[in-house]
């Protein structure tokens, strides 16, 4: 009998004991799977004194307390009414922005910060084709055949001429996209695009010392960035077309099936509640942003983004920080 109690069973036993599953239930499972009762009791007793188990139990208790704290803060946020909708403001000072939203870790849509931007007047698919049609660019392609196209970004990198890419934007698809990781604005031929926009005074820091903190997104109607979180705060501005954004407060993290890195396994546009039952208890906020709209995507907040039209966007991260840059490691 002892030879059947392989590593998989030991892991199962340790996992359930660490999670404080009752010994009676554990014993029932072991016996029902063919292990003798005395042998099963002996394994349970032996596991209790194993130093790795003791360490795991301490770690679980610490994690449990942190989880409880997150859940409590989440309930307070729900009761505050601040997760019923995303604020949309058009008359806000930088001080109010930072006090009420940035440092309060709350999303907000800010209108009216791009009134003097040439990009709002000039940028369009036709403009990019006319000005840069023969320039080679890097896009992501073949996304439709890969459910984890974001994780496998490197495999989907594809070199193409800008004109050819623009011609692809006529159809609704998620198969091709020029995303932030393609770093278009770092290419010399496109450096002049930075003259077409500016950093709203008091909101973004023009003397920011970081690198690559302004990134461009260009793609057809139908592109989707799956549910994920970023490592830092992002000020996302829509230049052309509209985008639908869904946001979820960070306190729901244990209900979001975060199966890898910064991504969730949940398809937020069509949630499978049988597979992801905890999602029925998650509050999802919706907003549609239009040309000229800035939206703050706060650090730790989960978000999903879909282009409702052919879309051009910019994301910026050169905020004014009181101390070091806030990063979720």
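Numbering (my numbering), first residue to last: 37 to 365. Glycine included, C-beta positions come from ideal geometry on N, C-alpha and C. Small disclaimer: the values here were computed from a predicted structure and weren't measured.
Residue burial classification, residue i (beta-carbon count within 10 angstroms, cutoff 16)
{"i": "residue 90", "result": "exposed"}
{"i": "residue 269", "result": "buried"}
{"i": "residue 240", "result": "buried"}
{"i": "residue 23", "result": "The requested residue 23 is not part of the displayed model; the chain covers only 37 to 365."}
{"i": "residue 316", "result": "exposed"}
{"i": "residue 203", "result": "exposed"}
DSSP bridge partner residues for residue i (one or two, in chain order)
{"i": "residue 198", "result": "Answer by DSSP bridge pairing: none, since residue 198 is not bridged."}
{"i": "residue 348", "result": "254, 276"}
{"i": "residue 173", "result": "196"}
{"i": "residue 332", "result": "144, 271"}
{"i": "residue 324", "result": "280"}
{"i": "residue 296", "result": "299"}
{"i": "residue 214", "result": "254"}
Alpha-carbon spacing of residue i relative to residue j, whole angstroms
{"i": "residue 236", "j": "residue 141", "result": "20 Å"}
{"i": "residue 83", "j": "residue 291", "result": "30 Å"}
{"i": "residue 170", "j": "residue 227", "result": "16 Å"}
{"i": "residue 128", "j": "residue 335", "result": "21 Å"}
{"i": "residue 287", "j": "residue 167", "result": "45 Å"}
{"i": "residue 135", "j": "residue 358", "result": "12 Å"}
Three-state secondary structure assigned by DSSP to residue i
{"i": "residue 97", "result": "helix"}
{"i": "residue 37", "result": "Its pLDDT being 47, under 50, residue 37 is placed unreliably in this model, and the coordinates cannot settle the point."}
{"i": "residue 124", "result": "strand"}
{"i": "residue 51", "result": "helix"}
{"i": "residue 137", "result": "helix"}
{"i": "residue 342", "result": "strand"}
{"i": "residue 304", "result": "coil"}
{"i": "residue 287", "result": "helix"}
{"i": "residue 261", "result": "strand"}
{"i": "residue 220", "result": "helix"}
{"i": "residue 164", "result": "helix"}
{"i": "residue 189", "result": "helix"}
For residue j and residue i, believed in contact at Cβ under 8 Å, the rounded distance
{"i": "residue 153", "j": "residue 234", "result": "7 Å"}
{"i": "residue 253", "j": "residue 215", "result": "6 Å"}
{"i": "residue 293", "j": "residue 327", "result": "So it is not a contact: roughly 34 Å between Cβ atoms."}
{"i": "residue 342", "j": "residue 279", "result": "7 Å"}
{"i": "residue 122", "j": "residue 321", "result": "5 Å"}
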